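Each remark here refers to the structure printed beneath this line.
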Amino acid sequence: MAVFELGDGMRKAVVLVTIVLILMLVTPAMAIPAGWIGDANGAKTLKENPRAPVNFTWTLLCGFLVMFMQAGFAMVETGFTRAKNCANVVMKNMIDYVIGSLAFFAIGFALMMGKDWHGLIGTTGWFLTGKAYDVSTICLWFFELVFCATAATIVSGAIAERPKFSVYVIYSFIVSALIYPIYGHWMWGGGWLSSAPFMVKLGHGYGALDFAGSGVVHAIGGYIALAACILLGPRIGRYDENGNPRPILGHNIALAVLGTFILWFGWFGFNPGSTLAADQLRISIIAANTNLAAAAAGATAMFITWIKNGKPDIGLTCNGVLGGLVAITAPCAWVTPWASVIIGIVAGFIVCYGYWFLEKHGIDDAVGAVPVHGFCGSWGLLALGIFADGTYGVYTTQPPLVRGLLYGNPRFFICQVIDVIVNFAWAFGTGFLLFWILKKTIGIRVRPEEEIIGLDISEHATVAYPNFVYSSSMESETPFRMK
Amino acid sequence: MAVFELGDGMRKAVVLVTIVLILMLVTPAMAIPAGWIGDANGAKTLKENPRAPVNFTWTLLCGFLVMFMQAGFAMVETGFTRAKNCANVVMKNMIDYVIGSLAFFAIGFALMMGKDWHGLIGTTGWFLTGKAYDVSTICLWFFELVFCATAATIVSGAIAERPKFSVYVIYSFIVSALIYPIYGHWMWGGGWLSSAPFMVKLGHGYGALDFAGSGVVHAIGGYIALAACILLGPRIGRYDENGNPRPILGHNIALAVLGTFILWFGWFGFNPGSTLAADQLRISIIAANTNLAAAAAGATAMFITWIKNGKPDIGLTCNGVLGGLVAITAPCAWVTPWASVIIGIVAGFIVCYGYWFLEKHGIDDAVGAVPVHGFCGSWGLLALGIFADGTYGVYTTQPPLVRGLLYGNPRFFICQVIDVIVNFAWAFGTGFLLFWILKKTIGIRVRPEEEIIGLDISEHATVAYPNFVYSSSMESETPFRMK
Amino acid sequence: MAVFELGDGMRKAVVLVTIVLILMLVTPAMAIPAGWIGDANGAKTLKENPRAPVNFTWTLLCGFLVMFMQAGFAMVETGFTRAKNCANVVMKNMIDYVIGSLAFFAIGFALMMGKDWHGLIGTTGWFLTGKAYDVSTICLWFFELVFCATAATIVSGAIAERPKFSVYVIYSFIVSALIYPIYGHWMWGGGWLSSAPFMVKLGHGYGALDFAGSGVVHAIGGYIALAACILLGPRIGRYDENGNPRPILGHNIALAVLGTFILWFGWFGFNPGSTLAADQLRISIIAANTNLAAAAAGATAMFITWIKNGKPDIGLTCNGVLGGLVAITAPCAWVTPWASVIIGIVAGFIVCYGYWFLEKHGIDDAVGAVPVHGFCGSWGLLALGIFADGTYGVYTTQPPLVRGLLYGNPRFFICQVIDVIVNFAWAFGTGFLLFWILKKTIGIRVRPEEEIIGLDISEHATVAYPNFVYSSSMESETPFRMK
Amino acid sequence: MKKIEAIIRAEKLGDVKNALESKGFYGMTVTDVRGRGRQKGIQLQFKGRTMEIDLLPKVKIEIVVRDEDVEEVVELISNFARTGNVGDGKIFVIPVENAVRIRTGERGDKAL
Amino acid sequence: MKKIEAIIRAEKLGDVKNALESKGFYGMTVTDVRGRGRQKGIQLQFKGRTMEIDLLPKVKIEIVVRDEDVEEVVELISNFARTGNVGDGKIFVIPVENAVRIRTGERGDKAL
Amino acid sequence: MKKIEAIIRAEKLGDVKNALESKGFYGMTVTDVRGRGRQKGIQLQFKGRTMEIDLLPKVKIEIVVRDEDVEEVVELISNFARTGNVGDGKIFVIPVENAVRIRTGERGDKAL
Ligand SMILES: Nc1ncnc2c1ncn2[C@@H]1O[C@H](COP(=O)(O)OP(=O)(O)O)[C@@H](O)[C@H]1O
Ligand SMILES: Nc1ncnc2c1ncn2[C@@H]1O[C@H](COP(=O)(O)OP(=O)(O)O)[C@@H](O)[C@H]1O
Ligand SMILES: Nc1ncnc2c1ncn2[C@@H]1O[C@H](COP(=O)(O)OP(=O)(O)O)[C@@H](O)[C@H]1O
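Residue numbers (my numbering), protein chains in the order written: chain A, 890 to 1372; chain B, 890 to 1372; chain C, 890 to 1372; chain D, 282 to 393; chain E, 282 to 393; chain F, 282 to 393.
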């Protein structure tokens, strides 16, 4: 086995990248004249909308909850992978939020929410300067940022235990600066999917919809993850000589379940918060729908494994819950509670059989992120097209009210089908391209001996649990002499 | 030792139960005509009450915090039990919320908060359909759900490390569908305890009260747990040949303390949120009282163990904090800060001596849930009857203001005594009945060899920490050959 | 090695202290006539300010988030220290909040926020009785309490793995009752630093400022920690025979990263919540600034270690994030997003080089709290004096607007420099005095053999992870005989 | 001198330890090991995929005793570790040439 | 009887185990150990400060076999644990005087 | 060849390792064990109930050396592991019949 030493010649490259990043982030910001700004202290906004305080309170607090989902992802992902990669996994979760925050600040937000250009991209608000230095705009920025970070972090778990850390840093920047924001613009930034006249005509008053991001956030993350998993190949030991899958047990089920609870908790910011306004009282029904779909999917997944293997499986139950949450994310505001239960039940099936399907086809998704976020994300978009019951409008109580297949608007279902296809094509396509280029240039996977010793040691020169794994070695480093 | 194999013949039973459950949950919901519904998008509610947005914001966010307590329970319970049961414990915490959500959606809420029938049960709102498809009703549903789930999950910890998982699934359904909601109706749904004319007359304007559920939530959970512990018997090894108790150390103190903090955090949703309205500014005092009782109880428990054993004990300090939180839950809105300190100090004593008392009498409450939730819950109801100071009314600033023994209304104290007795009788009685029937039919406890190998393996065919406990066995499953 | 036995003769002392504490806490409170109180149910407050519900909602929920930071500190601190001290570390985090709550209730709040006496201390509101029994006052109390507890808990991590637990209990009381509140009064309670005429004149309309407590909370905690670290001396094994520092690896990186995320999450209560009012819409910009500084600092620290050692270090990346959060805490409301990025980048450097500097000078700060909270806290105060851009006033949208060096008010920068000096002098001075007296009297450090066996055993007679470290010893305690 | 190495069920350690202690054999060293023999393995599942673990947790006791005590110690362990089911474990007797008590430097039987 | 103690790479345990099993050597006891030899250590960093760990995780296999099987088992382990790089490990052969199957009380070769 | 098995305090491992290294004894295998001897146990409490743990964490060092090196290694370990308090541990010398270096197949003293 090779010796793992610090200092591997990458230093110069990293120095360069660091300097470029700093310049990129700071210079343009300072260059822009600070004089011409938005409502930076909020006095004007408050005067115009006396309900702004409660709406800000709602949006920001929900945004905080969504931010906290980063911790949930970290715990789920590390809990379901091995101890020798634990530090690497949680570091990736930390760093995609760190890098993503900066990328979305500099570039992403402007592309996503800036002034629309031909329905394709946004074009204003770079570095949150100028008119974007405004309490409402920055409130929106914050809420969109935490969504962007969620999409980014999904990939981390699926590809865990084998990619180079440097590749992950680059990926984090690209996804938060380009891939996510552009698609996000199409759906939420006034872009073509939601707002192009032909889409609006097709849907009878509204184009494709996605209340809180089954597609925008989850399926995007899930399908990038799929592309990355395919290009990376399975972990060593994931398949035996005959190509049969072998389980690689997660190292800390307590943390995995903690993470699942944190995500469930955070999702109450994700879905209800997406009204961006507390005066949309539909928020209570959104919260209830969110909870019911999660519960129904979790129960379904538990019973599926119980029936199949004779004992209820914890891993898939957690994944089931998350799949239910993903599936209800798009339709949460537009469906009834009982429909949410059905949407959840279907998600439970998708999570289990989707995972086994990928596994059988040689795709090693370490934590099951592709079925949970990808497949259930697409199902959420379709479910919205089916079950929307016409009691609520497009983020407002005003008409046009959103109706799906079962409630007399089959053409809206077609909008959603189009969205599902576009969403998959964009995420899988750009994701594949990105990782393919990286693979052909710097390489995306660590060497086998690095993978075997674990990415904690090979990528970070650390161990996550020294007192348990190396126990007395650590102790013995003590030069203490008892008198 | 027996071989633990998957597939134990229960499959057919589980398939059946699953199908029945699905039908139960979905069919009736769809059957109800969707036409005749409540205010499903909230426009009307908003017009009638311009403060609805802030009240919804408050109630929902507090509800989210309460939901997050599930994670706290999971961490406390697994932290204070052994590694070989870790996955089972956290899975139980996950699944009681999953099953409870569905049960409370289908049945529980209607029984608890539906139209009153003779002060005994509610009768409307099944499956959240019809008039219950309404933003205010569903807001209430969500908040009550997370309370119901708290009651349910309390039992999990007390009986940890020995019950069959299938029994726990059934229990979760029954408690969330029947036991909790019916008592809940008596107190909060307009039932007899709070609202029967003779009670209101006795209390001088109000019957028995319980602001946020020392009795409704905690004591109910605690006394069901007591019944279950008695019927299950102690864990193998909990008592020596002479019947003397032996400690069984918890396996992860870091997670136990994390869980305690999560619960404390969530309790700020539990108590202040129970106003269901932010325009009740008393919420600030409720938050302060909650915190002070917890702190006083924690300090008391710490000093008790310090004095008794010479060193401060972490487990009982955590339990002390939780006991203080439980005790202040009923009186939190009606007492002064200094009274909260006293209530907490008493709770600290109850937690320690209650735990030792049960232990001495052969009752093996694995995490100390009975003294914390049961005994301190009853104490909270009494403390309300003693210390209520007449500054705040019944969830309103309007009279009648609530006064206890020390402030000139001894008859209200009698209401509370009645409540304590009824609460115990109902919880212990129904809990005993439920577990007794299950014991006589399917059996409630795993076999001794299953208990010894741990419920993770015997009930879920998994291990929570494979890399630590089975370490190189896992590694060796890798068929990798280095070239 | 010595035998560790329970019951070490301290019992009587502890009994005494306990009784005194109980009397102290309760008697005076009861003595004060309850008749003459504030607006205890909030009816009057609501009438006077119809926006009170949203402001209370905002302040309380943000306060809850800040309270949750206690869990974050516990996880970070235990994650970055050894398993043998894990229970002690988390117990310290629990108990400083427990003791701090009581001390701040009895004494601290009155000193800090009571009626000003010569700009030095506050003098009213003891035990939250009398006029302080008021919804607004107690709302403020709660928010200030969680800040006070944050300051207190910072020290815990820095001095981890060697102080006596009893010393920590005493320290917790003193810091929450005296040290923190008095300085807090100078800045936030109307004391001289912010409000003395000469300071206000110097700053052109405002004295020294500190929006959310880079100085009041973090630097105070950080410099007390510095004093304590110096007096305690380094942990056994931290330096080799030649005085060269040796790393002592943290035992649980997963929990350390979880803790970092919890802190980041809680900081969204800390900074935006410090408006104490949701009608200050600047809260959105505060949230964004908070996030950007953290991200920039985390990225900077990561790149620094990557360049220096060839691999990105997780520990310093987490510390970097926290340093960025500390640095932005004072200026968060008064600077632009791009300035926040710069402030964060500088903080990233401070965290790394500050840590190495201390290490080189023989100061063993176990988790890096001094650079993170102390040095970055001071930097935050200075950064406010530099970058304040004149778009926002002193917790209001009204003038005087706050401007720093770069925006034409160099004299305000001088106010901040004064504050930095006073802050350091007060915290380091009182901290040194406190620990020096304790050292000379009861002793502050455990014996070497206690330190070697770990504080869990020596101070609490427990082990945090018995199933991993003592594994089969625990099992074997089972007197079970299989039939 | 002989070293007696016994691989037993973890849950029997307490009984064995007490039995040895009652006969005056106090010193011992214990290691967590995993073993396989006639006993069948355990099936585990992870995300619905199953696997078999055939190395099961056991405890190894090592006791160095004087030659004349070997038989007694072997008997004690056998009796108290036995359940009669597969997986009860094995005892091995290994020659030891010398022993040293580090604290005092004593050697041979005196060091035990 | 001999005890064969092999210290090997953790990731080779599976191969060795299967190889032994295929030749009928099923019983074994496995321990997680840490070792050092010619193999160099690993550099770690913590908060930017570096250190070297020279005790690396290994796995110890113990198999007690009849005298006539020693050579075969040693060969099997050697072949299947080998990668050809430093750190492959060592095998030691240690005399065993007796063995007992706890379940039945059988002794000697029959106990294996 | 002999195997030297030393059971020592965990905190002494560093010193012992360095001492051995300085005399050219580099190879070794280390195991976390728990032991009891003359040393008294530790009292623990959990939720206010106390118990005694009499198996305390120790470290076992195994070094296989040529016959002529036995005395030197035993001396080194003794000297560097000693504190003079109960619980310092024990050293046992066990005969080894053969050794194999897996990487090269070398046998006997050459394999060490
Ligand atoms: N040949 C062997 N060499 C070393 N250890 C063995 C050997 N055979 C069995 N063991 C150990 O003894 C334990 C019990 O063996 P097993 O055959 O299951 O028990 P029994 O013989 O009582 O049925 C195994 O788990 C293993 O640790
Ligand atoms: N003299 C020895 N005594 C005991 N164990 C040893 C000895 N030498 C080596 N080992 C063990 O063998 C392992 C491999 O040794 P190493 O010298 O690295 O391998 P190789 O000889 O194949 O290059 C070490 O990690 C250690 O556990
Ligand atoms: N007879 C024995 N067989 C095996 N190991 C022993 C024996 N006696 C002692 N030990 C080991 O040596 C360690 C130290 O023994 P102890 O009697 O406490 O030390 P000392 O003899 O230096 O006072 C014990 O913890 C145990 O691991």
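Here a beta-carbon is modelled for each residue, glycine too, at the ideal position from N, C-alpha and C. Nothing here was measured: the structure is a model prediction, and the numbers come from that model.
- One thing to note: Ala287/E has its Cβ within 9 Å of the Cβ of Gly370/E.
- Counting C-beta pairs with one atom in each stretch, the region 1171-1190 of chain B and the region 1150-1159 of chain B have three or more that are closer than 8 Å, which means they touch.
- One Cα belongs to Phe1317/C, the other to Asp1099/C, and the distance between them is close to 19 Å.
- In this chain, Arg1300/A is not harboured by any beta strand (DSSP E); it is covered by the alpha helix (DSSP H) spanning Pro1299 to Thr1330.
- Excluding its 5 nearest sequence neighbours in each direction, Met309/E has C-beta neighbours in its own chain below 8 Å: Lys298, Leu301, Ile342, Glu343 and Ile344, listed in chain order.
- In the structure shown, the three-state DSSP call for Asn379/F is strand.
- The beta carbon of Glu302/D does not come within 9 Å of any beta carbon belonging to chain B, so the residue lies off that interface.
- Taking a Cβ-Cβ cut-off of 8 Å, the neighbours of Val1352/B in chain D comprise Leu325, given in sequence order.
- For Val377/D and Phe361/F, the gap between their C-alpha atoms comes out near 23 Å.
- The Cβ of Ser1045/A sits no closer than 9 Å to any Cβ of chain B.
- Of all residues in the region 1132-1143 of chain A, only Arg1135, Pro1136, Ile1137, Leu1138, Gly1139, His1140, Asn1141, Ile1142 and Ala1143 place a beta-carbon less than 9 Å from a beta-carbon of chain B.
- With respect to chain E, the C-beta atom of His1349/A has a partner C-beta closer than 9 Å.
- When rounded, the separation of the alpha-carbon atoms in Gly318/E and Ile1346/B is 38 Å.
- Boundaries of the alpha helix (DSSP H) harbouring Thr1039/A: Val1024 to Ala1047, taken from the DSSP string.
- Shown here for Val979/A: same chain residues with a beta carbon closer than 7 Å to its own, the five before and five after excluded, namely Ala963 and Thr967 in chain order.
- Around Ile1333/C, no beta-carbon contact reaches into chain B at under 9 Å, the shortest distance being about 17 Å.
- In this structure, the straight-line span from the alpha carbon of Arg382/E to that of Ala1041/B is close to 48 Å.
- Residues of the same chain with a CB within less than 8 Å of the CB of His1349/C, apart from the 5 flanking positions on each side, are Ala976, Asn977, Met980 and Phe1054 in chain order.
- Comparing alpha-carbon positions, the option among Gln1305/C, Val1283/C and Asp1254/C lying closest to Gly1110/C turns out to be Asp1254/C.
- Using beta-carbon distances, Met1191/B counts as an interface residue toward chain C, with a partner under 9 Å.
- Boundaries of the beta strand (DSSP E) harbouring Met309/D: Met309 to Arg317, taken from the DSSP string.
- Within its own chain, the residues whose Cβ lies closer than 8 Å to the Cβ of Asp1168/B, once the five positions on either side in sequence are excluded, are Arg940, Val943 and Asn944, listed in chain order.
- Interface criterion met: the Cβ of Ile1342/C is under 9 Å from a Cβ in chain F.
- Taking the Cα of Ala1101/B as reference, the smallest distance to any Cα among Phe1276/B, Asn938/B and Thr1218/B is reached at Thr1218/B.
- Relative to ligand 1, the beta carbon of Arg388/E is positioned no closer than 8 Å to any heavy atom.
- Under the DSSP assignment, Tyr1296/C falls outside any beta strand (DSSP E); it carries neither an H nor an E label.
- Looking at Val1352/B, Lys933/B, Met958/B and Gly1343/B, the one whose alpha-carbon comes closest to that of Gly1148/B is Met958/B.
- With respect to the 9 Å criterion, Pro1136/C and Lys328/E are classified as neighbours on the basis of their beta carbons.
- Interface flag for Arg1171/B against chain C is set, since a Cβ pair is found closer than 9 Å.
- Here the alpha carbon of Val1352/A sits roughly 8 Å from the alpha carbon of Leu325/E.
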